[in-house]
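There are 2 protein chains.
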Amino acid sequence: MRRISFQDGVTYTFGPDLTPIATVRSGETVEFVCQDACGGQIRTEKDTLDQLDMDQVNGATGPVRVIGSRAGDVIRIQIRDIRVAEWGFQSIVSGHGVLGDEVDRPRTKVIPIQDGFAVFSKRIRLPVRPHVGTIGVAPPAKEWTTFYPGDHGGNLDTKEISKGNSVYLPVFQPGAQLAMGDIHALMADGEVCVTGIEIAGTIRAQVDVLRGLRMNRPLVETSDSWMALASAPTLDEAAKLATHDGVQLLARGADLPWHEAYMLASIACDLRISQDVDPWRTAKLVVPKSLMRRLPRS
Amino acid sequence: MRRISFQDGVTYTFGPDLTPIATVRSGETVEFVCQDACGGQIRTEKDTLDQLDMDQVNGATGPVRVIGSRAGDVIRIQIRDIRVAEWGFQSIVSGHGVLGDEVDRPRTKVIPIQDGFAVFSKRIRLPVRPHVGTIGVAPPAKEWTTFYPGDHGGNLDTKEISKGNSVYLPVFQPGAQLAMGDIHALMADGEVCVTGIEIAGTIRAQVDVLRGLRMNRPLVETSDSWMALASAPTLDEAAKLATHDGVQLLARGADLPWHEAYMLASIACDLRISQDVDPWRTAKLVVPKSLMRRLPRS
Chain A
561 MRRISFQDGV TYTFGPDLTP IATVRSGETV EFVCQDACGG QIRTEKDTLD
611 QLDMDQVNGA TGPVRVIGSR AGDVIRIQIR DIRVAEWGFQ SIVSGHGVLG
661 DEVDRPRTKV IPIQDGFAVF SKRIRLPVRP HVGTIGVAPP AKEWTTFYPG
711 DHGGNLDTKE ISKGNSVYLP VFQPGAQLAM GDIHALMADG EVCVTGIEIA
761 GTIRAQVDVL RGLRMNRPLV ETSDSWMALA SAPTLDEAAK LATHDGVQLL
811 ARGADLPWHE AYMLASIACD LRISQDVDPW RTAKLVVPKS LMRRLPRS
Chain B
561 MRRISFQDGV TYTFGPDLTP IATVRSGETV EFVCQDACGG QIRTEKDTLD
611 QLDMDQVNGA TGPVRVIGSR AGDVIRIQIR DIRVAEWGFQ SIVSGHGVLG
661 DEVDRPRTKV IPIQDGFAVF SKRIRLPVRP HVGTIGVAPP AKEWTTFYPG
711 DHGGNLDTKE ISKGNSVYLP VFQPGAQLAM GDIHALMADG EVCVTGIEIA
761 GTIRAQVDVL RGLRMNRPLV ETSDSWMALA SAPTLDEAAK LATHDGVQLL
811 ARGADLPWHE AYMLASIACD LRISQDVDPW RTAKLVVPKS LMRRLPRS
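Chains A and B supply the protein sequences, listed in that same order. Count along the first sequence from 1, add 560, and you get the number used in our numbering. Count along the second sequence from 1, add 560, and you get the number used in our numbering.
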């Protein structure tokens, strides 16, 4: 198993001209070894977000050139496993998060991970469900910091990007230039306080190049659904884009006229929030596989 | 069992000075017989939203005076059962719904209900899960049409207001003045096309007056969670209010300092969308009961 480590290279931007630190073949399974989202700067509860060197925050291991992928293709990343460290943390700071204006002072909470549970307190132990917070490719033109989510992926903070599920990303540049990091041991929809349980870890994933799929934005596949993900400056705009994409997916994949798919989505496809805290917000329309005949091709 | 029917009275507004059509005692179980949201105006697929007399749309059966309830109390409505008619409908029209600008012309689809399934097409049969779309009380001051959701309830379009679950509404006026209607046989989070399966039906519910609960906005109780509901002109604002309320509920109900509850919500409480199509939008923070010790009292 080939390992690509943050020690080989970390990117803090998704730009059109990324220089790869490694290459993978379509169909290859590799490991991405990742620092936590704060690049290891938080070691104790005395370390808070306001003290950090922000140039070392939200790094993604990579980028990796995916051999043979070119603009117009799609890469599928099947998450085979995510192993996390023995502890993670949550941090809050005034001005960030849904209730950033209610935070009195910066605080960090260290959360041990024991036997698959996050030990939030003596009473509150929650089963971990690790996911990849940031996963993206080189975008078509403008450079994005890794704080942003967008059509290229990036800081999607979508809890379903977890073991057993897959992410589909449109390819905009030769070789795709895949990078990932920002693992969370656990997070809820919204990520309301601005952090999940931020943690170092290793992602094992199979990368495949797919041809002939129509896709402008990221898609997540779980055992029972397709999720059309969209990011925009506001939740309202992200929700509209995700609905647009999801209804189109449903119409094509279920052989329905657009207006029938639009109605069906309203009764069978949940419109949900991935995160409501990053510089852009991410929404998802959840399309049950039971409604679909196939993933639509162009 | 006492029945209160739309034939006795329907309200199209939630105002501070509603005149009750009936009274209920705290602890009493009654039936509310409701027209569909379009007041029976849609009979075939030729009847579309653009043709309707809008003065007869989204009526709520009631209002009912809840004996002994006064401003500062809370009423709990436990939904015991919802029986629906043999058919419902979905309608779309340009300018309404998340993708209202993509709708070419008004359309209505009649959906038969057979053996507990909504027959969307020969291939697509979906189990119904009826819920109450509009449920509210007299607000403190301003009059709201029943199209709006707000702190008084109203057009919440929250799919969890269904059999076995309860809604808690703050009381602002003597007697609460409870009204409900707008039943959906099925709806997904978002209600993206602007209609669920709109249908006539009968709601059986127990109404209780509760004292000493702190509550400014509606709350929904399911078997495993408390949902703090909030409505506002945008999804972004509604999401912020729901998070504010839900975190406060969690802090008080779990005996946690506010900052710990804020962090815990970020990993354990999903921020979700009830509806993204009414004149105001409704969001919900889902607080698992497993985290709570009790429902906080003032």
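Ideal Cβ positions, reconstructed from N, Cα and C, are used throughout, including at glycine. None of these values were measured; they are calculated from a predicted model.
Handout entry: Interface residues of chain A facing residue 831 of chain B [CB-CB closer than 8 angstroms]
Key = Taking the first residue of the second sequence as position 1, residue 831 of chain B is located at position 271. By Cβ distance, chain A contributes 658, 748, 749, 750, 752, 833 and 836.
Exercise for the section: Compile a chain-ordered list of the residues in the region 668-692 of chain A whose CB is closer than 9 angstroms to at least one CB of chain B. Expected result: For the region 668-692 of chain A, which is checked against every Cβ of chain B, the residues closer than 9 angstroms are 669, 671, 678, 680, 681, 683, 684 and 686.
Problem - Host alpha helix (DSSP H) of residue 787 of chain B (start-end) - result: Here residue 787 of chain B refers to the residue found at position 227 of the second sequence. In this chain, residue 787 of chain B is not harboured by any alpha helix (DSSP H); it is covered by the beta strand (DSSP E) spanning 785-792.
Handout entry: CA-to-CA distance, residue 569 of chain A to residue 622 of chain A, given in whole angstroms
Key = As a first step, residue 622 of chain A is located in the first sequence; it is residue number 62 there, counting from the start. As a first step, residue 569 of chain A is located in the first sequence; it is residue number 9 there, counting from the start. Cα-Cα distance, rounded: 6 angstroms.
Problem - Candidates B/718, B/817, B/750 and B/752, of which the one nearest residue 788 of chain B by Cα - result: For the purposes of this step, residue 788 of chain B is taken as residue 228 along the second sequence, with counting starting at 1. The residue with the shortest Cα to Cα distance from residue 788 of chain B is B/718.
Exercise for the section: May I ask you to report which of helix, strand or coil DSSP gives residue 728 of chain B? Expected result: Within the second sequence, numbered from 1, the residue matching residue 728 of chain B stands at position 168. Residue 728 of chain B: strand per DSSP, three-state reduction.
Practice task
Compare the Cα-Cα distances from residue 610 of chain B to each of B/817, B/665 and B/697 and report the closest residue.
Solution key: Along the second sequence, one-based indexing puts residue 610 of chain B at 50. The candidate whose alpha carbon is nearest that of residue 610 of chain B is B/665.
Handout entry: Stretch-stretch touch, CB-based, cutoff 8 angstroms, three pairs: the region 639-652 of chain A with the region 622-631 of chain A
Key = At 8 angstroms Cβ cutoff, the stretches do not touch.
Exercise for the section: Leaving out five residues on either side along the sequence, give the residues of the same chain with a beta carbon under 8 angstroms from the beta carbon of residue 642 of chain A. Expected result: Taking the first sequence and counting its residues from 1, the one referred to as residue 642 of chain A is at position 82. Hits under 8 angstroms: 690, 691, 692, 722, 723, 743, 761, 762, 763 and 764.
Problem - Option in A/820, A/835 and A/856 with minimal Cα separation from residue 663 of chain B - result: As a working mapping, residue 663 of chain B is identified with position 103 in the second sequence. Selected option, being the one with the closest Cα: A/820.
Exercise for the section: Leaving aside the five residues before and after residue 732 of chain A along the sequence, list all residues of the same chain whose C-beta is less than 7 angstroms from its C-beta, in chain order. Expected result: What you label residue 732 of chain A is simply residue 172 of the first sequence in a count that begins at 1. The beta carbon of residue 732 of chain A lies closer than 7 angstroms to those of 631, 697, 698, 699, 700 and 712 in the same chain, with the five residues before and after it left out.
Practice task
Rounded to whole angstroms, what's the CA-CA distance from residue 694 of chain B to residue 652 of chain B? Just pull it up for me.
Solution key: Locating residue 694 of chain B in the second sequence gives position 134, where the first residue counts as 1. Locating residue 652 of chain B in the second sequence gives position 92, where the first residue counts as 1. Within the model, the alpha-carbon separation for residue 694 of chain B versus residue 652 of chain B is close to 19 angstroms.
Practice task
Closer than 7 angstroms, Cβ to Cβ, to anything on chain B: give me those residues from the region 780-792 of chain A, in chain order.
Solution key: So the list is empty, because no residue satisfies the distance condition.
Exercise for the section: Check residue 682 of chain A in the structure and name its three-state DSSP category. Expected result: Locating residue 682 of chain A in the first sequence gives position 122, counting from the first residue. Note: residue 682 of chain A maps to coil in three-state DSSP.
Exercise for the section: Give the residues from the region 576-595 of chain A that approach chain B closer than 7 angstroms (Cβ to any Cβ), ordered along the chain. Expected result: Result list empty, no residue passes.
Problem - chain B residues whose Cβ lies nearer than 7 angstroms to that of residue 807 of chain A - result: Counted from its first residue, the first sequence places residue 807 of chain A at position 247. Neighbours of residue 807 of chain A across chain B, judged by C-beta separation under 7 angstroms: 659.
Handout entry: Chain-ordered neighbours of residue 606 of chain B on chain A, where CB pairs are closer than 8 angstroms
Key = Here residue 606 of chain B refers to the residue found at position 46 of the second sequence. Those do not exist, as residue 606 of chain B stays about 15 angstroms from chain A at its closest Cβ, beyond 8 angstroms.
Problem - Chain-ordered neighbours of residue 728 of chain A on chain B, where CB pairs are closer than 7 angstroms - result: Mapped onto the first sequence, residue 728 of chain A falls at position 168. Below the 7 angstroms Cβ cutoff, chain B contributes no neighbours of residue 728 of chain A, its closest Cβ being approximately 22 angstroms away.
Handout entry: Check whether residue 716 of chain A and residue 835 of chain A have beta carbons under 9 angstroms apart
Key = Translated into positions along the first sequence, residue 716 of chain A becomes position 156. Translated into positions along the first sequence, residue 835 of chain A becomes position 275. Cβ distance < 9 angstroms, so residue 716 of chain A and residue 835 of chain A count as in contact.
Exercise for the section: Report the residue ranges of all beta strand (DSSP E) runs contained in full by the region 578-640 of chain B; include only those spanning at least 3 residues, in chain order. Expected result: As far as the region 578-640 of chain B is concerned, its whole beta strand (DSSP E) runs of at least 3 residues are 582-584, 588-594 and 620-626.
Practice task
Determine the extent of the beta strand (DSSP E) in which residue 781 of chain A is found, giving its start and end residues.
Solution key: The residue given as residue 781 of chain A occupies position 221 in the first sequence. From DSSP, the beta strand (DSSP E) with residue 781 of chain A extends over 779-781.
Exercise for the section: Please work out which residues of its chain come closer than 7 angstroms, Cβ to Cβ, to residue 608 of chain B, disregarding the five sequence neighbours upstream and downstream, and give them in chain order. Expected result: Counting from 1 along the second sequence, the entry for residue 608 of chain B is found at position 48. Contacts found: 651, 653, 666, 667 and 668.
Practice task
Name the two residues that bound the continuous alpha helix (DSSP H) containing residue 826 of chain B.
Solution key: Taking the second sequence and counting its residues from 1, the one referred to as residue 826 of chain B is at position 266. Where residue 826 of chain B is concerned, the enclosing alpha helix (DSSP H) stretches over 818-828.
Handout entry: Rounded straight-line distance, which links the Cα of residue 681 of chain B to that of residue 633 of chain A
Key = Taking the first residue of the first sequence as position 1, residue 633 of chain A is located at position 73. Taking the first residue of the second sequence as position 1, residue 681 of chain B is located at position 121. The C-alpha of residue 681 of chain B is placed about 34 angstroms away from the C-alpha of residue 633 of chain A.
Exercise for the section: Return the chain-ordered list of same chain residues with a C-beta closer than 7 angstroms to the C-beta of residue 795 of chain B, the five sequence neighbours on each side being excluded. Expected result: The count along the second sequence starts at 1 and reaches residue 795 of chain B at position 235. Excluding sequence neighbours, residue 795 of chain B sits near 833, 836, 841 and 843.
Exercise for the section: Please classify residue 805 of chain A: does DSSP put it in a helix, a strand, or coil? Expected result: Locating residue 805 of chain A in the first sequence gives position 245, where the first residue counts as 1. In the three-state reduction of the DSSP assignment, residue 805 of chain A falls in the helix class, which pools H, G and I.
Practice task
Could you work out which residues of chain B lie near residue 694 of chain A, taking near to mean beta carbons separated by less than 7 angstroms?
Solution key: Locating residue 694 of chain A in the first sequence gives position 134, where the first residue counts as 1. Chain B residues near residue 694 of chain A: none, gap ~17 angstroms exceeds 7 angstroms.
Handout entry: Cβ pair count under 8 angstroms reaching 3, the region 743-757 of chain A against the region 777-791 of chain A
Key = Output reads no: the region 777-791 of chain A does not touch the region 743-757 of chain A.
Exercise for the section: Starting from residue 759 of chain A, find everything on chain B with Cβ-Cβ shorter than 9 angstroms and list it in chain order. Expected result: Position 199 of the first sequence holds residue 759 of chain A. Chain B residues near residue 759 of chain A: none, gap ~11 angstroms exceeds 9 angstroms.
Problem - From B/766, B/561, B/613 and B/639, residue whose alpha carbon lies closest to that of residue 587 of chain B - result: Within the second sequence, numbered from 1, the residue matching residue 587 of chain B stands at position 27. Taking only the C-alpha atoms, the option nearest residue 587 of chain B is B/766.
Practice task
Report the residue from A/684, A/639, A/593 and A/561 whose alpha carbon sits nearest the alpha carbon of residue 851 of chain B.
Solution key: Numbered from 1 along the second sequence, position 291 holds the residue referred to as residue 851 of chain B. For the options A/684, A/639, A/593 and A/561, the alpha carbon positioned closest to that of residue 851 of chain B is the one of A/684.
Exercise for the section: Rank B/854, B/578 and B/617 by C-alpha distance to the C-alpha of residue 594 of chain B and give the top, closest one. Expected result: Taking the second sequence and counting its residues from 1, the one referred to as residue 594 of chain B is at position 34. Selected option, being the one with the closest Cα: B/617.
Handout entry: Minimum Cβ-Cβ distance from residue 828 of chain A to chain B less than 9 angstroms
Key = As a working note, residue 828 of chain A is residue 268 in the first sequence. True, the Cβ-Cβ gap to chain B drops below 9 angstroms.
Practice task
Taking all protein chains shown into account, decide if residue 812 of chain B is buried (16 or more other Cβ within 10 angstroms of its Cβ) or exposed.
Solution key: Mapped onto the second sequence, residue 812 of chain B falls at position 252. Buried, because 16 or more other Cβ atoms sit within 10 Å of the Cβ of residue 812 of chain B.
Handout entry: Rounded distance between the beta-carbons of residue 624 of chain B and residue 580 of chain B, thought under 8 angstroms
Key = For the purposes of this step, residue 580 of chain B is identified with residue 20 of the second sequence, where counting begins at 1. For the purposes of this step, residue 624 of chain B is identified with residue 64 of the second sequence, where counting begins at 1. Correct: roughly 6 angstroms between the Cβ atoms.
Handout entry: Chain-ordered chain B contacts of residue 794 of chain A [CB-CB under 9 angstroms]
Key = The residue given as residue 794 of chain A occupies position 234 in the first sequence. Within 9 angstroms Cβ-Cβ: 794, 795 and 796.
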